[in-house]
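Step one of this worksheet: look at the structure below.
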Amino acid sequence: ILNVEQSPQSLHVQEGDSTNFTCSFPSSNFYALHWYRWETAKSPEALFVMTLNGDEKKKGRISATLNTKEGYSYLYIKGSQPEDSATYLCASNAGKSTFGDGTTLTVKP
Amino acid sequence: DSGVTQTPKHLITATGQRVTLRCSPRSGDLSVYWYQQSLDQGLQFLIQYYNGEERAKGNILERFSAQQFPDLHSELNLSSLELGDSALYFCASSASGNQETQYFGPGTRLLVL
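Read top to bottom, the protein sequences are chains A and B.
With our numbering applied, the first sequence corresponds to residues 13 to 121, in that order.
With our numbering applied, the second sequence corresponds to residues 142 to 254, in that order.
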């Protein structure tokens, strides 16, 4: 992996469904992995910063895991709500910030 | 409200012109980052300053330059503007380095006609 890649590109789920997305990043020269939530017409809002292999972070219904050896992170949302609809970005910092293109989540009531 | 402010919110200018975008970081933050989001593209990292000095450089064009002042505010200067420079420019700040949360400003939307 040379760049930060996110999958899927978009996701449509029903309210109450749990979901997860993937961020893949170069595992060499790893500093930190950031997750952001970006709502339309707003600016990105930080969710998590993860630095250590095996890190798990949680904020309400949202959690994330990190595997720095294989270069991936998962973001999980439990019991999705319409207000969770947003684009979720991850960024890897190996000296400079490199963002993925994001996963756009739409939660239907 | 992240505590990061950017001015102006919107800017319309013509090709060939020069503009300056301004960013004030959160109180106490030493690092400032600049990002560009063009139409149909993701966030592109331009440059980072830490306590007045350039720390990291991304995909910043030679026509663009930035600086961070002693009071820690930062300016991004865009010159010889082209149509393709139309984009949303975000500034973010963090306490110090790359392992910390970045707080994004509301962005400056630049339209080059």
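Beta carbons are placed, not taken as given, at the ideal position from N, Cα and C, and that holds for glycine.
Can you pull the chain B neighbours of PHE111 of chain A, defined as C-beta to C-beta under 9 Å?
Against the first sequence, residue 111 of chain A aligns to sequence position 99. Those are TYR176, GLY183, LEU184, GLN185, PHE186, listed as they occur along chain B.
Measuring alpha carbon to alpha carbon, tell me which of B:LEU171, B:ARG159, B:ASN200 ends up nearest PHE186 of chain B.
As a first step, residue 186 of chain B must be located in the second sequence, where it is residue number 45. Checking every option, the nearest Cα to that of PHE186 of chain B belongs to B:ASN200.
Cβ of ALA76 of chain A less than 9 Å from any chain B Cβ?
Here residue 76 of chain A refers to the residue found at position 64 of the first sequence. Nearest CB-CB separation between ALA76 of chain A and chain B: not below the 9 Å threshold.
Cβ of GLY72 of chain A within 9 Å of any chain B Cβ
As a position in the first sequence, residue 72 of chain A is number 60, starting the count at 1. Taking 9 Å as the CB threshold, GLY72 of chain A stays off the interface with chain B.
With 8 Å as the limit, tell me which residues of the region 196-217 of chain B have their beta carbon closer than that to any beta carbon of chain A; keep them in chain order.
Contacts with chain A (Cβ-Cβ distance below 8 Å) from the region 196-217 of chain B involve ALA197, LYS198, GLY199, listed in chain order.
Taking only the alpha-carbon atoms, compute the straight-line gap between GLU195 of chain B and ALA44 of chain A and give it to the nearest angstrom.
Indexing the second sequence from 1 puts residue 195 of chain B at position 54. Indexing the first sequence from 1 puts residue 44 of chain A at position 32. One C-alpha to the other measures close to 20 Å.
Option in A:PHE111, A:VAL119, A:THR80, A:SER109 with minimal Cα separation from ILE89 of chain A
Residue mapping note: residue 89 of chain A aligns to position 77 of the first sequence, counting from 1. Of the candidates A:PHE111, A:VAL119, A:THR80, A:SER109, A:VAL119 places its Cα closest to the Cα of ILE89 of chain A.
What's the call for SER55 of chain A, buried or exposed, on a 16-neighbour Cβ count within 10 Å?
Locating residue 55 of chain A in the first sequence gives position 43, counting from the first residue. Counting Cβ neighbours within 10 Å, SER55 of chain A comes out buried, since at least 16 surround it.
When the Cα atoms are used, what is the spatial distance from LEU229 of chain B to LYS150 of chain B?
Mapped onto the second sequence, residue 229 of chain B falls at position 88. Mapped onto the second sequence, residue 150 of chain B falls at position 9. Near 10 Å, if we compare the C-alpha coordinates of LYS150 of chain B and LEU229 of chain B.
Interface flag, GLU241 of chain B vs chain A, CB-CB below 9 Å:
On the second sequence, position 100 is the one that residue 241 of chain B refers to. Chain A contact via Cβ: present.
Can you confirm whether the region 97-114 of chain A touches the region 17-26 of chain A when touching is taken to mean that 3 or more C-beta pairs between the two stretches lie within less than 8 Å?
With contact defined as three or more Cβ pairs closer than 8 Å, the region 17-26 of chain A and the region 97-114 of chain A are in contact.
Between TYR48 of chain A and chain B, is any beta-carbon pair separated by less than 9 Å?
The residue labelled residue 48 of chain A in the question sits at position 36 within the first sequence. For TYR48 of chain A, the nearest CB of chain B lies under 9 Å from its own CB, placing it at the interface with that chain.
So which of B:LEU222, B:GLN177, B:GLY169, B:THR154 has the shortest CA-CA distance to GLY238 of chain B?
What you label residue 238 of chain B is simply residue 97 of the second sequence in a count that begins at 1. Cα-wise, what sits closest to GLY238 of chain B is B:GLY169.
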